[in-house]
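For the sequence shown, the residue numbers in UniProt numbering are 1 to 272. Ideal placement from N, C-alpha and C gives every residue a C-beta, glycine not left out.
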Amino acid sequence: MASTTSPTLPRALPPSRLPSISPLSFTVLVVVGALFLVSMGQVAPSPEKLANGLPRMAELVGRMLPPNTDPGFLQRMGWRILETLQIALVGTVFGVVISLPMGWLAARGISPLGAFRHFPRALISLFRTVPDLVWALLFVSTLGLGAVAGTMTIVVDTIGFCGRFFAEAMEEADKKPQEALHAIGANRVTVLCGAILPDVMPTLINSSLFALEKAVRASVVLGLVGAGGIGQELKVAFDLFQYRNASAIILAIFIIVLAMEFLTDRLRAKFQ
Numbered sequence: 001m002a003s004t005t006s007p008t009l010p011r012a013l014p015p016s017r018l019p020s021i022s023p024l025s026f027t028v029l030v031v032v033g034a035l036f037l038v039s040m041g042q043v044a045p046s047p048e049k050l051a052n053g054l055p056r057m058a059e060l061v062g063r064m065l066p067p068n069t070d071p072g073f074l075q076r077m078g079w080r081i082l083e084t085l086q087i088a089l090v091g092t093v094f095g096v097v098i099s100l101p102m103g104w105l106a107a108r109g110i111s112p113l114g115a116f117r118h119f120p121r122a123l124i125s126l127f128r129t130v131p132d133l134v135w136a137l138l139f140v141s142t143l144g145l146g147a148v149a150g151t152m153t154i155v156v157d158t159i160g161f162c163g164r165f166f167a168e169a170m171e172e173a174d175k176k177p178q179e180a181l182h183a184i185g186a187n188r189v190t191v192l193c194g195a196i197l198p199d200v201m202p203t204l205i206n207s208s209l210f211a212l213e214k215a216v217r218a219s220v221v222l223g224l225v226g227a228g229g230i231g232q233e234l235k236v237a238f239d240l241f242q243y244r245n246a247s248a249i250i251l252a253i254f255i256i257v258l259a260m261e262f263l264t265d266r267l268r269a270k271f272q
């Protein structure tokens, strides 16, 4: 009886765990890796520099402790903290209010400007890409030292931040309510108020709260260039080598940021 042997089927190779990469992508990765290695050798701290800097850091920390608790200084610091919160709050509110129509004008498929929506979108990108300190320097040069320059900086920064997210949220809004309103002859403003805003309101609130949290941090730094707030007091403390004053201000900033993060997290959880 002749024995029959079944043909041996080729064994399937297991799928590769690594995605395939094109020659162009491989070249880009090699260039980026080489740039990183060169940059690390030029700007990264060496172990010798870190070892030499640790004793000086310890000496500076020793000179900053204990923080200054003089009642007169704490009262002056309290007024500066209040000014910082005012800059952040007023700048964020104005920025959010302006961001709403700006985001609408820049949103794809929703903007009444049609192809000209790229102009408000480019303006939002400009506000977002220029650093806060640069805007602060511009406003300090034109409006003078003080909180007004800081508030204007926060307004511009908030427009750059919220304008982009507002536009993207409006673009992703549910289209069925919009189509229903268009079908009965509603204009663009009616569609915005009756269909788009109710759908994206949680996203708008979350973005606004993130902008407020971001503004509190930014308003602290703006004082370093004369735009008011507690940062201005911190700069004076370091300029005059009043390190105990500086440590008290840094501790107050830390508490303010933590409190603001806690507050905004609670508000975001409530509106979600």
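Residue from the options whose Cα sits closest to the Cα of residue i
{"i": "K235", "options": "A106, R80 and L258", "result": "R80"}
{"i": "D70", "options": "R244, I256, T190 and Q178", "result": "R244"}
{"i": "M152", "options": "L105, R63, S20 and V96", "result": "V96"}
{"i": "L197", "options": "T27, L251, F166 and V61", "result": "F166"}
{"i": "A237", "options": "S20, M77, V28 and F36", "result": "M77"}
{"i": "S207", "options": "G150, A186 and D265", "result": "D265"}
{"i": "A227", "options": "G185, V156, A186 and G150", "result": "G150"}
Nearest-angstrom Cα separation, counted from residue j out to residue i
{"i": "M40", "j": "L50", "result": "15 Å"}
{"i": "A183", "j": "R108", "result": "20 Å"}
{"i": "A215", "j": "T158", "result": "8 Å"}
{"i": "I255", "j": "T142", "result": "32 Å"}
{"i": "L224", "j": "F94", "result": "23 Å"}
{"i": "V257", "j": "L85", "result": "11 Å"}
{"i": "L54", "j": "E48", "result": "10 Å"}
{"i": "L263", "j": "K270", "result": "11 Å"}
{"i": "Q232", "j": "V191", "result": "46 Å"}
{"i": "V148", "j": "V30", "result": "48 Å"}
{"i": "T92", "j": "P120", "result": "19 Å"}
{"i": "R188", "j": "F161", "result": "24 Å"}
{"i": "F127", "j": "I253", "result": "26 Å"}
{"i": "L222", "j": "A246", "result": "16 Å"}
{"i": "K175", "j": "A211", "result": "27 Å"}
{"i": "E59", "j": "P66", "result": "13 Å"}
{"i": "L251", "j": "M64", "result": "11 Å"}
{"i": "I205", "j": "P177", "result": "21 Å"}
{"i": "G62", "j": "A259", "result": "27 Å"}
{"i": "S20", "j": "L145", "result": "56 Å"}
{"i": "residue 274", "j": "G229", "result": "Residue 274 is absent from the model: the chain starts at 1 and stops at 272."}
{"i": "E179", "j": "A122", "result": "28 Å"}
{"i": "M57", "j": "Q242", "result": "16 Å"}
{"i": "T27", "j": "N52", "result": "39 Å"}
{"i": "L37", "j": "P45", "result": "13 Å"}
{"i": "G33", "j": "A115", "result": "40 Å"}
{"i": "T129", "j": "N68", "result": "38 Å"}
Other residues of its chain near residue i: CB distance less than 7 Å, five sequence neighbours each side excluded
{"i": "V200", "result": "A169, M170 and A173"}
{"i": "L240", "result": "none"}
{"i": "I154", "result": "I87, A88, G91, T92, G95, A215, A218 and S219"}
{"i": "E261", "result": "E213"}
Cutoff 6 Å; reference residue i; Cβ partners in own chain excluding five residues on either side
{"i": "G163", "result": "S99, M102, G103 and I124"}
{"i": "L267", "result": "L209"}
{"i": "M1", "result": "With a pLDDT of only 48 at M1, under 50, the local geometry of the prediction cannot be trusted, and the value read off the model is given with reservation. The answer is none, since no qualifying residue turns up."}
{"i": "A186", "result": "none"}
Neighbourhood of residue i by C-beta distance below 8 Å, restricted to the same chain and skipping five residues each side
{"i": "R117", "result": "L105, A106, A107, R108 and S111"}
{"i": "L181", "result": "T190, V191, G194 and A195"}
{"i": "I113", "result": "Looking at the sequence provided, one finds Leu at residue 113 rather than Ile. Around L113: L105, F119 and P120."}
{"i": "L138", "result": "none"}
- Query: Given 8 Å as the limit, is there contact between the segment 61–75 and the segment 130–142, that is, 3 or more CB pairs closer than that?
  - Reply: no
- Task: Note down, one range per segment and in chain order, each beta strand (DSSP E) of at least 3 residues found wholly within the segment 36–117.
- Result: none
- Message: List, from N- to C-terminal side, the beta strand (DSSP E) runs of 3 residues or more that fit wholly inside the segment 146–187.
- Response: Within the segment 146–187, no beta strand (DSSP E) run of at least 3 residues lies entirely inside it.
- Item | Start-end ranges of the alpha helix (DSSP H) lying completely within the segment 198–246, minimum 4 residues | 230–239
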